[in-house]
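What follows is one structure encoded as structure tokens, with my remarks underneath.
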Amino acid sequence: MKNRLKHPLVFFVFIGIFLATGQRAFYAQNTKKHTVRLKMDYTKIMDSVSYLYIKAFSRVDRENIDVPNIDLTVYNEIDNETIELGSVKTNVSGECKFVLKNFNTITSDSSSNFNLQVKFNGNELYKKASKSISFRDASIETNLITKDSVNYVRAILKDSETDSVLSDQLVQVQVQRLFKPLKIGKEFNMTDENGTILVPVDSDIPGINGQLIIEVILADNDDYGTVKALVNAPIGTPIIEESTFDNRTMWSTRNKTPLFLLIFPNLLIFGIWGIIVYLLVNLFKISKS
Amino acid sequence: MIMKNYDVLLEKLAPRKFGKRGTIWVIFLSIIIVLGLIAYIDQVKKGQIVTNMRDYALWGIYISNFVFFVATSFVGSVTVAILRLTNNTWRTPLVRIAEIITFASIVMAGLTIMIDMGRPDRLLNLFIHARLQSPITWDVIIIPTTIALSFLLLYFPLLPDLAILKKFYKKTKPKLSKWYGKISLNWTGSERQKSIQEKSIKIIAVLIIPVSIMLQTIDAWLFSTTYRIGWDSTNMGAYFISGAFVAGLGALVTMVYVIRKVRGLDYYITEYHFDKLGKFLALACLTYLYFNINEYLIPIFTAPVEEDIHLNSLVFGEWAPIFWFAQIVGLLLPLVILLFRKGRHPKPMLFVGLMVVIGSWWKRYIIVIPTLLHPFLPIEGVPESWHHYFPSAHEWIITFATLAMALLIITLFVRYLPVVPIQRTADEKNTTGIKKNKES
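Going down the list, the sequences are from chains A and B. If you're matching positions, the first sequence starts at 22 in the working numbering and goes up one per residue. If you're matching positions, the second sequence starts at 230 in the working numbering and goes up one per residue.
Structure follows, in structure tokens:
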């Protein structure tokens with residue numbers, strides 16, 4: 022106490038800062054709640070999962086800020102009925118993914134549309150919010166064909182409900198790569214009247230053991246969302262492993278020491294130490310003779 | 230008459246108690262060693278932060294000191310083995326001193342490496358996890374090998390002398406006599422013992438040459454196998470061998486002078502021996518000069534930018550004082566002095582020996598440290614002090630302690646062992662007498 026009173030100005034400055042920051046926290050309880058905005062995209066991967074990508078953000082002080090750690094509940098709306106499918110929490114970037122492991126868990130309405138709604142019930146900082154998405158189910162059938170020694174990937178786009186082909190739709194075809202997919206085919210691949218596209222695949226695309234994973238995507242469609250089909254195609258150029266990891270090299274581990282380094286130094290070591298042992302035996306012989 | 234001469238010889242060459250100066254010398258060395266030990270314990274407790282070695286200068290005075298010890302140990306191979314195989318009889322009064330220096334140096338080289346280890350308790354890992362691709366592993370193998378061989382090089386020729394000392398001290402110092410008896414391995418001088426001993430010494434003399442060359446070469450390869458400016462040189466192995474030739478002989482000349490003076494061995498170690506040693510050292514200096522020219526002159530013509538910066542810092546820059554001290558005081562000046570007959574007299578030889586030893590020590594410093602401070606990528610984002618290196622107090626004290634320990638080992642050997650081989654000198658004095666008679 023004595024020490025503190027020696028410097029009253031410093032003490033009051035500290036107290037002042039403490040109170041000021043405390044008041045701000047106190048006022049936070051009474052500030053106006055912000056509106057959460059939800060963005061939602063539906064993606065279906067053929068023969069695999071479907072998911073909703075959800076992004077939560079808010080406009081605060083004319084800036085978009087991510088809304089992390091809020092609980093969102095996903096519902097399936099069927100005409101007048103609403104079924105809860107599950108809930109999910111946003112990450113630090115305000116993003117989350119709600120996975121529909123089995124597509125059959127959701128039901129379409131009378132007009133064959135699937136309606137999903139995401140709801141946020143609000144908290145002390147943000148108002149409650151909801152967002153709906155409506156889509157039809159589409160499918161992509163793919164297969165590989167070879168014509169005149171040229172490999173093609175063929176895809177047929179269909180509406181699943183009506184089993185009718187979808188013509189004049191923009192479809193992307195690309196090969197999975199480590200950082201960014203490699204687009205192949207024409208700049209715009211449109212489905213023909215049979216809902217089909219035919220895209221040639223160059224034979225010089227490298228892949229592990231010649232395996233390529235080709236993606237055929239109906240991207241961000243207004244009616245169907247995103248539908249993606251993956252094709253495993255053993256038509257790439259096999260990557261030749263140039264790593265010396267398994268070889269006996271000067272830079273490998275000790276169990277992969279080059280043979281010449283195992284043989285000659287060990288011959289020298291055992292040769293010299295053999296002679297040293299012989300000399301020690303000689304010392305023993307001298308002491309005994 | 231012969232018998233009387235032998236008694237005089239024995240009286241003169243048998244080990245003697247320390248006098249007042251000897252006792253002060255041992256106490257002085259012991260104090261330095263104790264101080265070094267305290268500094269080392271502190272280093273182990275606090276870690277190598279007590280040194281001035283940092284990310285860039287990660288090898289410092291310990292490694293340069295280690296290289297110096299390794300170089301000095303080459304003297305055993307040079308004087309004992311090479312002079313023996315070339316039948317140079319003038320070596321006789323010098324070989325034991327050379328053997329002692331070799332043993333002390335190589336033992337201290339091994340210890341110095343352990344001092345440089347951040348975690349000495351992990352020493353065994355060097356053996357357990359050894360990779361034969363690593364030059365460090367070659368070093369770990371060659372040093373114990375050289376220690377074993379240099380011990381045998383010292384021990385085998387000692388056996389007859391130890392038996393002589395056993396008899397000599399039988400009445401006056403029975404306890405000491407008993408010890409000499411034990412370590413002389415019941416030497417009686419029988420034909421069988423002599424034959425085994427001679428054969429063994431021959432084997433050691435032949436074997437220690439390649440082993441010493443391997444030791445020096447591995448020491449050089451520790452540097453030249455790393456792709457670093459100043460070390461990345463195919464000249465390095467031969468350069469190190471010739472440098473060791475100089476350092477070892479410099480140490481021998483100095484020790485021979487001191488021991489001769491302290492023990493009053495003028496009759497056995499004469500001006501003739503100094504003259505011979507001087508010529509031998511001059512040859513070593515010339516060889517080393519040749520390799521120095523190869524090492525420093527050729528890169529002036531061919532050096533890429535980085536190497537040029539390094540060379541400039543050595544020749545004209547911050548390292549120039551040490552560089553030129555090592556070159557002039559440690560090599561050129563001794564060479565010039567040794568070319569003159571008067572320069573090969575005992576007293577000038579002492580100064581030559583000291584110059585060579587001190588120059589050789591700083592030469593190793595200049596080989597190890599400047600390269601580490603000249604990496605290919607610029608030194609950035611580190612404190613200013615990391616751009617430079619000068620040993621800390623801990624490093625200096627510990628290094629002086631290792632040098633003191635080497636000197637103490639030599640001193641104790643000189644105290645308890647005959648520094649000039651008794652039996653061989655006695656034999657040779659007889660032989661020389663006969664020869665002289667014949668010649669006359």
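All C-beta atoms in this analysis are idealised placements derived from N, C-alpha and C, irrespective of residue type, glycine included.
- Using a C-beta cut-off of 8 Å, the segment 584-595 of chain B makes contact with the segment 553-561 of chain B, since at least three inter-stretch Cβ pairs fall below that distance.
- Of all residues in the segment 272-284 of chain A, only Trp272, Ser273, Thr274, Arg275, Thr278, Pro279, Leu282 and Leu283 place a beta-carbon less than 8 Å from a beta-carbon of chain B.
- Under the Cβ criterion (8 Å, minimum of three pairs), the segment 419-427 of chain B does not count as touching the segment 284-294 of chain A.
- With fewer than 16 other Cβ atoms from the protein chains shown falling within 10 Å of its own Cβ, Gln232 of chain A counts as exposed.
- Below 8 Å, too few C-beta pairs join the segment 319-338 of chain B and the segment 458-470 of chain B to call them touching: fewer than three.
- Straight-line measurement puts the Cα of Gly546 of chain B at about 15 Å from the Cα of Val534 of chain B.
- Fewer than three beta-carbon pairs drawn from the segment 309-322 of chain B and the segment 285-301 of chain B are found closer than 8 Å, and the two stretches are therefore not classed as touching.
- Per the C-alpha coordinates, the member of B:Ile357, B:Tyr269 and B:Thr331 positioned closest to Arg275 of chain A is B:Ile357.
- The three-state secondary structure of Thr278 of chain A, taken from DSSP, is coil.
- For Ala243 of chain B, there is no enclosing alpha helix (DSSP H), as DSSP gives it neither H nor E.
- In this structure Thr331 of chain B is buried. Its beta-carbon is surrounded by 16 or more other beta-carbon atoms within 10 angstroms.
- Ranked by Cα distance from Ala473 of chain B, the options B:Ile365, B:Lys592 and B:Ile430 are led by B:Lys592.
- Close CB contacts of Leu601 of chain B within its chain, under the 8 Å cut and outside five residues either way in sequence, are with Tyr285, Ala286, Leu287, Trp288, Arg457 and Tyr618 (chain order).
- Looking at the DSSP output, Val252 of chain A shares a beta bridge with A:Ile235.
- Residue nearest to Gly216 of chain A within the set A:Gln197, A:Ile234, A:Leu187 and A:Ile238 is A:Leu187 (criterion: CA-CA distance).
- Taken in chain order, the complete beta strand (DSSP E) segments of 3 or more residues contained in the segment 122-149 of chain A are 135-141.
- The Cβ atoms of Ser453 of chain B and Ser462 of chain B lie closer than 9 Å to each other.
- In this structure, the beta-carbon distance from Ile326 of chain B to Met484 of chain B falls below 9 Å.
- Looking only at B:Lys274, B:Pro244, B:Thr308 and B:Arg245, the smallest Cα-Cα distance to Ala480 of chain B is reached by B:Thr308.
- Between Ile205 of chain A and Val222 of chain A, the CB-CB gap stays under 9 Å.
- Pairwise C-beta distances place the segment 433-451 of chain B in contact with the segment 310-317 of chain B, as three or more of them are shorter than 8 Å.
- Distance from the CA of Pro89 of chain A to the CA of Ile75 of chain A, rounded to the nearest whole angstrom, comes to 12 Å.
- Here the segment 152-171 of chain A lies against the segment 58-68 of chain A, with 3 or more beta-carbon pairs under 8 Å apart.
- Among the residues facing chain B, Asn287 of chain A is included, as its CB has a counterpart in that chain under 9 Å away.
- By the criterion of a C-beta distance shorter than 8 Å, Leu121 of chain A is surrounded in its chain by Val70, Ser71, Tyr72, Leu73, Leu106 and Ile127, once the five residues flanking it on both sides are discounted.
- Taking a Cβ-Cβ cut-off of 7 Å, the neighbours of Asn415 of chain B in chain A comprise Ser308, given in sequence order.
- For Glu624 of chain B, the three-state secondary structure derived from DSSP is helix.
- The beta-carbon separation of Ala630 of chain B and Ile365 of chain B, rounded to 24 Å, does not stay under the 8 Å limit for a contact.
- Ser153 of chain A and Lys118 of chain A have their C-alpha atoms some 15 Å from each other.
- Between the C-alpha atoms of Phe520 of chain B and Asn464 of chain B there is a straight-line separation of about 7 Å.
- Residues are counted here when their Cβ sits less than 8 Å from a Cβ of chain A; for the segment 597-630 of chain B the count is zero.
- Between Tyr299 of chain A and chain B, the shortest Cβ-Cβ separation is below 9 Å.
- Assignment of Lys179 of chain A by DSSP, reduced to helix, strand and coil, places it in the strand class.
- By DSSP's assignment, Cys117 of chain A forms a beta bridge with A:Ile75.
- From the beta-carbon of Leu352 of chain B, no residue of chain A is found nearer than 8 Å; the closest lies around 18 Å away.
- Rounded to whole angstroms, His603 of chain B and Ser363 of chain B show a C-alpha spacing of 23 Å.
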